[in-house]
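Residue numbers (the numbering used here): 30 to 498.
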RNA sequence: GGCUCCAUCAUCUAAUGGUUAGGAUUUCAGAUUUUCAUUCUGGUCAUAGGGGUUCAAAUCCCCUUGGAGUCACCA
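Here you go:
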């Protein structure tokens, strides 16, 4: 007898978004978790676009999802599956259920259904279909397009064995009715196609948001009717906004690609997302390799977490700090900064990489160094450009002119030291006015670095501009 | 409203039924820095409430409260 350890079987996961415009940050999280689990097990990760509702179909949306996947580095296996191109398959299975008497045509007009629902709500009953065509054998009424309803169990309970939540029991009488699997126009509905596709595509582990937990019993009804084996379910808790509600478009940046324009790195974003609802001891920093080694959906928390970008910022600056200048240079191009041919690139990036939370911030900092200040703020001058400052700057300028071989920050630092010593003043006396001259503000990178980056001539020019103001 | 889920610092989270309830972010001090940032050191801050079970409960059970999700010919 051969004993196969379950974990060694092929794992197939999927991400199945409906194409509604862009990849949502919450979607990226479930996609990431599905991806990790598939890859960790050497399995497959499928991307399936749930576009059965033609009225809400959006061609560009699928492309947007692919673009976002590409940016963060998630790769799906095989072709992208579009449900809109699989209608014949759904029809076939609906027909199968019809033939086997597990589903039936219902000729109740939509208006009548709506009216029934209204009455039920008015009398505080649960709104549900009344099964009036469940055993209908007569002649169908004229001029009336039928929907197909599945015969759901009338009593008992359905238990979802969930890898995150545990066993969740639903009482059939509370939640089910003979729900529609194909609309009057013949197109199939969500709970039907999800079950059919997951089964047909061999999905073994369904990892998705827990807003789908209450759909699961319906999908189990479909699995059972079709005789498909059930996958494992992992319903991961929602991400909430600071008000504690489900994250929505109104909560600022929910489009994944927005994070690119804001200057976050994929590494930071994925690291941030994987730590929402999951952890591994005290570890905070996870490389993709570590995530792949450690992630297990069985370790996912049961409770929702609040989306808070403070930690994302911290993670992002961490990754920025530890990034090679070459890589930084490459990423900065997206933010309009071209440094490839800049001879002081290393000094510049070293000076700036520890001071920015995002690439966008870094781009601004670089601009402030490379471009002379256009004007000087009066408040800044008042604070840092005192009466004696002009003389000090003149002395420093002179020292610079007399110095030779100025290349490295340390070279400039020596000049500053000598001037400070000569005039018998503190570093601050020269630092503040010089910083204003070079950057137009009172804070910023080390002055020696700034000067080394822009060179002697530009330094002198900027000092002169301030003095001659 | 029905059904379902959830409940540890402000936030993300640790804690075989036995820990001074740990770490990280934020924040606050101090040190470093010509400035700002970084970095380093230190501090403040939590088991929702009430009952049980147990020698022992953040942990198991029940109730309360609070929050969330979902209830379509949307997905």
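For glycine and all other residues, C-beta sits at the position ideal for the given N, C-alpha and C.
Per-residue DSSP class, three states only, for residue i
i           : result
residue 262 : strand
residue 138 : coil
residue 301 : helix
residue 435 : coil
residue 45  : coil
residue 110 : strand
residue 76  : strand
residue 122 : helix
residue 445 : helix
residue 348 : helix
residue 53  : strand
residue 284 : strand
residue 131 : coil
Start-to-end residues for the beta strand (DSSP E) that takes in residue i
i           : result
residue 488 : Segment 476-496 is the alpha helix (DSSP H) holding residue 488; no beta strand (DSSP E) there.
residue 203 : Premise fails: residue 203 lies in the alpha helix (DSSP H), 201-204, not in any beta strand (DSSP E).
residue 188 : 186-191
residue 234 : 234-238
residue 177 : 176-179
residue 211 : 209-211
Cβ shell of residue i (< 8 Å), same chain only, five flanking positions each side left out
i           : result
residue 422 : 459, 462, 463, 466, 492, 495, 496
residue 155 : 149, 203
residue 305 : 58, 268, 334, 336
Residue nearest to residue i in terms of C-alpha spacing, selected from the options
i           : options            : result
residue 169 : 188, 151, 137, 391 : 137
residue 381 : 393, 139, 141      : 393
residue 300 : 41, 145, 65        : 65
residue 69  : 471, 383, 334, 325 : 325
residue 235 : 185, 327, 275, 368 : 327
residue 486 : 455, 433, 470      : 433
residue 122 : 241, 254, 402      : 254
residue 211 : 225, 201, 161      : 225
residue 39  : 74, 271, 330, 134  : 74
Spatial neighbours of residue i in its chain, beta-carbon cut-off 6 Å, leaving aside the 5 residues before and after
i           : result
residue 399 : none
residue 448 : 424, 425, 428
residue 333 : 266, 267, 269
residue 33  : With a pLDDT of only 46 at residue 33, under 50, the local geometry of the prediction cannot be trusted, and the value read off the model is given with reservation. Counting only Cβ-Cβ distances below 6 Å, and skipping sequence neighbours, we find nothing.
residue 296 : 348
residue 55  : 268, 276
residue 215 : none
Environment of residue i [buried if 16+ CB atoms lie within 10 Å]
i           : result
residue 413 : buried
residue 363 : exposed
residue 166 : exposed
residue 518 : Because the chain in this structure spans residues 30 to 498, residue 518 falls outside the shown range and cannot be described.
residue 44  : buried
residue 220 : buried
residue 198 : exposed
residue 377 : buried
Run of the alpha helix (DSSP H) containing residue i, from where it starts to where it stops
i           : result
residue 374 : 374-381
residue 464 : 456-468
residue 587 : The chain is shown from 30 up to 498; residue 587 falls before or after that span and cannot be answered.
residue 408 : 407-413
residue 223 : 219-229
residue 245 : 245-255
Beta-carbon proximity list for residue i, same chain, < 7 Å, skipping 5 on both sides
i           : result
residue 315 : 300, 303
residue 60  : 44, 103
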